[in-house]
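Engineer: Structure in structure tokens, see below.
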Amino acid sequence: MNTANILEQGRQAFRHQSWGEAYTRLSSAKREIQLEAKDLELLARAAYLTGRIPECIDIWTGAHHRFIKQGDTRRAAACAFWVGMVLFNQGERAQGGGWMARARRLIAEKYEQDCAEAGFLMIPEALHHLRKGQAESAHKLFSRAADIGKNCDNRDLLILGRLGRGQALIQQNEIARGTTLFDEIMVGVVSDEVSPMVAGIVYCAVIESCQKIYDLPRAHEWTKALGRWCDSQPDLIPYRGECLVRRAEIMQLHGEWREAMRETEQACDLFQTYGSPASGEAFYRQAELFRLQGNFNKAEDKYREASKWGRKPQPGLALLRLGQGEIGRAQKAIRRVEEEKQDWIDRSAILPAYVRIMIAADEIRMAQTAARELSEIASKLHAPFLEAVADRALGSVLLADNKPSDALHKLHHAGSVLKEMEALYESAQTRLLIGLACRKLGDMDTAEIELDAARWMFQQLGATPDASRIDALLAESSPGKRHGLTPRELEVLRYVATGKTNKTIAGDLFISERTVDRHVSNILAKLNLPSRAAATAYAYEHDLI
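Numbering (numbering that gives the first Met the number 0), first residue to last: 0 to 544.
Here is the structure:
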């Protein structure tokens, strides 16, 4: 087969989104002839979409220089933009910034600021403002970019600009407007109105934004759509890992922990192939699952891996220290994170852990302040899940402040919402608190029912530390435990207190009379009592009947 045919097959494969074949054919042609700049662009995109990041940068760089030689400055600037974006995503901010500066210079020298390439170059600047919390400035730049995209009939630029506008609106607490804009642009993405690279960027950004504002229904819906999109392109590598991480988050919420762990493992394998900013999120998700299951050593290792990839290990690492009984370390870590300057959406991810740790440290007032702030944020977001988490936080503070009746009002509401949303671990945590509140009110039957239900839920999930905690709580609440008696000794004491003889007790319990004699002797010795009559009086005095 001659080179011209191979080249044409590569172009056709690219049009059909067969990225692996496109890369193979175009690479083969490149080894035989000098490809035109436009074909180098196709090869660079195919290399990127099959996870060959260093190679795609080299090829795009070659296309950039080829366009400059041809005098096509705009296409050269476009190549420089994408090289910069890929480098930014790889964490190479200095190099990425250099390429963006080169692209700006090329456009400024020959073109007006209303061309599509100039609009694309507004995107990284707007993202910088967004990361700095300068939502108004970001919104203006994103809007300008979207307008240029519309005027130039460039769908990629239009959609990226509108995506940024939605993100800026959310940062400005315009939640409804922001999510409505997300829905609008996602219609275009699902309909294949944009290039695959832009589609992947938009999918991941929208899902991440929805997760951050606890809009779980939208996050779930668009994660499913991303999964279908990835599955339709078997050779696609970028974005598939991000999809696995988001799916793992959903699975964890719904109690599918084994499946969630498998998804994160697959994501980490993919990220090792091409690297991604989402690598840190994958390792963090693994760390969280290990922590909840009580595998603290592995959890700590994964938190460290997440940190290497740029994902801060908090609040998970502080909760790990709490689980290890190191309350002081947990408190110092979470206080440092809480005191950092963060926007209110980011604070919502920290405050639930902050409340738990402050209560454990007996800092009730600090926990109360944080719980109230969390409740205010939840009200701003109108997010049922976060509102339930906030109610549970308020309930836990009231319980710690010895106000169990008030706590139950908050906890019951939280439990109802979390159950409806099938948030299994969160539901179990809430039932645990309800059980403790009922115990403080003296309703021991309801307390035992709630604690037993929570323990069963934790056992089903594999949340070993939480299940063990309830085992200890139930053991402490056992009347026999409080008085140093085994369950069988407590049972025998109750029979003795009714006036039954050892022979009758033996018959009722289907044990030998000698065994009953031994139990009675142990009871008298443990309680330091002289006789059966004294044991009977003791049982009535201490409500053991």
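Beta carbons: idealized from backbone N, C-alpha and C, even for Gly.
#1: Apart from the five residues just before and just after Leu528, which ones in its own chain have a Cβ nearer than 8 Å to its Cβ?
#2: CB-CB under 6 Å to Leu225, same chain, minus the five flanking residues each way: which ones, in chain order?
#3: So, at 8 Å on beta carbons, what are the nonlocal neighbours of Val186 in its own chain, with the 5 sequence-adjacent residues on each side left out?
#4: Keeping to the same chain, check which residues put their C-beta closer than 7 Å to that of Ile356; ignore five residues upstream and five downstream.
#5: Buried or exposed, going by whether 16 or more other CB atoms sit within 10 Å of the CB of Pro233?
#6: Should Leu350 and Ala377 be called a contact, given that it needs their Cβ atoms to be closer than 7 Å?
#7: Going by the CB atoms, is the gap between Thr60 and Trp18 shorter than 7 Å?
#8: Three-state secondary structure (DSSP) at Thr2?
#9: Where does Arg320 sit, in a helix, a strand or coil, going by DSSP?
#10: In whole angstroms, what separates the C-alpha of Arg10 from that of Leu25?
#11: Quick one: residues in its chain with C-beta nearer than 7 Å to the C-beta of Ile169, no 5 flanking neighbours on either side, listed in chain order?
#12: Can you tell me whether DSSP reads Ala79 as helix, strand or coil?
#13: Can you give me the C-alpha to C-alpha distance between Leu39 and Asn153, rounded to a whole angstrom?
#14: In three-state terms, what does DSSP make of Phe119?
#15: Need the endpoints of the alpha helix (DSSP H) that Ser347 sits in, please.
#16: Nearest-angstrom Cα distance between Asp390 and Leu410?
#17: Please go through the same chain and pick out, in chain order, the residues whose beta-carbon is closer than 7 Å to the beta-carbon of Ala453, but skip the five residues on each side of it.
#18: Excluding the 5 residues preceding and the 5 following Met221 in the sequence, name in chain order all residues of the same chain whose CB lies nearer than 6 Å to its CB.
#19: If the criterion is Cβ atoms closer than 7 Å, does the pair Arg290 and Ala298 meet it?
#20: Among the residues of its own chain, which have a CB less than 6 Å from the CB of Gly95, if the five just before and after it don't count?
#21: Assign His15 to buried or exposed, taking buried as 16 or more other Cβ atoms, counted over all protein chains shown, within 10 Å of its Cβ.
#22: For Ile32, is the classification buried or exposed, using 16 other Cβ atoms within 10 angstroms of its Cβ as the cut-off for buried?
#23: Just how far apart, CA to CA, sit Glu372 and Ala366?
#24: What would DSSP say about Ala496, mapped onto helix, strand or coil?
#25: At a cut of 8 Å, does the stretch 398-417 reach the stretch 436-448 through at least three beta carbon pairs?
#26: Can you have a look at Gly309 and say buried or exposed, based on whether 16 or more other CB atoms are within 10 angstroms of its CB?
#27: What span of residues does the alpha helix (DSSP H) with Gly441 cover, start to end?
#28: How big is the Cα-Cα spacing for Ala462 and Val396?
#29: Could you give the C-beta distance for Ala62 and Cys55, rounded to a whole number, given that I count them as a contact under 8 Å?
#30: Looking at C-alpha atoms only, which residue of Pro237, His64, Ile184, Gly199 is the closest neighbour of Trp98?
#31: Tyr539: buried (16+ other C-beta within 10 angstroms of its C-beta) or exposed?
#32: Taking Val519 as the reference, which of His541, Leu508, Val491 has the closest Cα?
#33: Near Phe457, what residues of its chain come up, given a Cβ to Cβ distance below 6 Å and the 5 sequence neighbours on each side ignored?
#34: Roughly how many whole angstroms lie between the Cα atoms of Arg364 and Thr500?
#35: May I have the straight-line CA-CA distance separating Lys307 from Ala75, to the nearest angstrom?
#36: Tell me whether the beta-carbon of Glu116 lies closer than 7 Å to the beta-carbon of Arg73.
Structural biologist: In short, the structure shows the following:
#1: Ile522, Ala534, Tyr537
#2: Tyr202, Cys242
#3: none
#4: Ala317, Leu321, Ala329, Gln330, Ile333
#5: exposed
#6: no
#7: no
#8: helix
#9: helix
#10: 8 Å
#11: Gly177, Ser208, Ile212
#12: helix
#13: 21 Å
#14: helix
#15: 343-359
#16: 6 Å
#17: Ala427, Arg430, Leu431, Gly434, Ile469
#18: With the sequence shown as reference, residue 221 is identified as Trp, and Met is not the correct amino acid for it. Excluding sequence neighbours, Trp221 sits near Val205, Ile206.
#19: yes
#20: Gly83, Leu86, Phe87
#21: exposed
#22: exposed
#23: 10 Å
#24: helix
#25: yes
#26: exposed
#27: Unbroken run through Gly441: none, as it is neither H nor E.
#28: 23 Å
#29: Contact doesn't hold; Cβ gap of about 10 Å is too wide.
#30: His64
#31: exposed
#32: Val491
#33: Ala427, Asp465, Ala466
#34: 56 Å
#35: 34 Å
#36: yes
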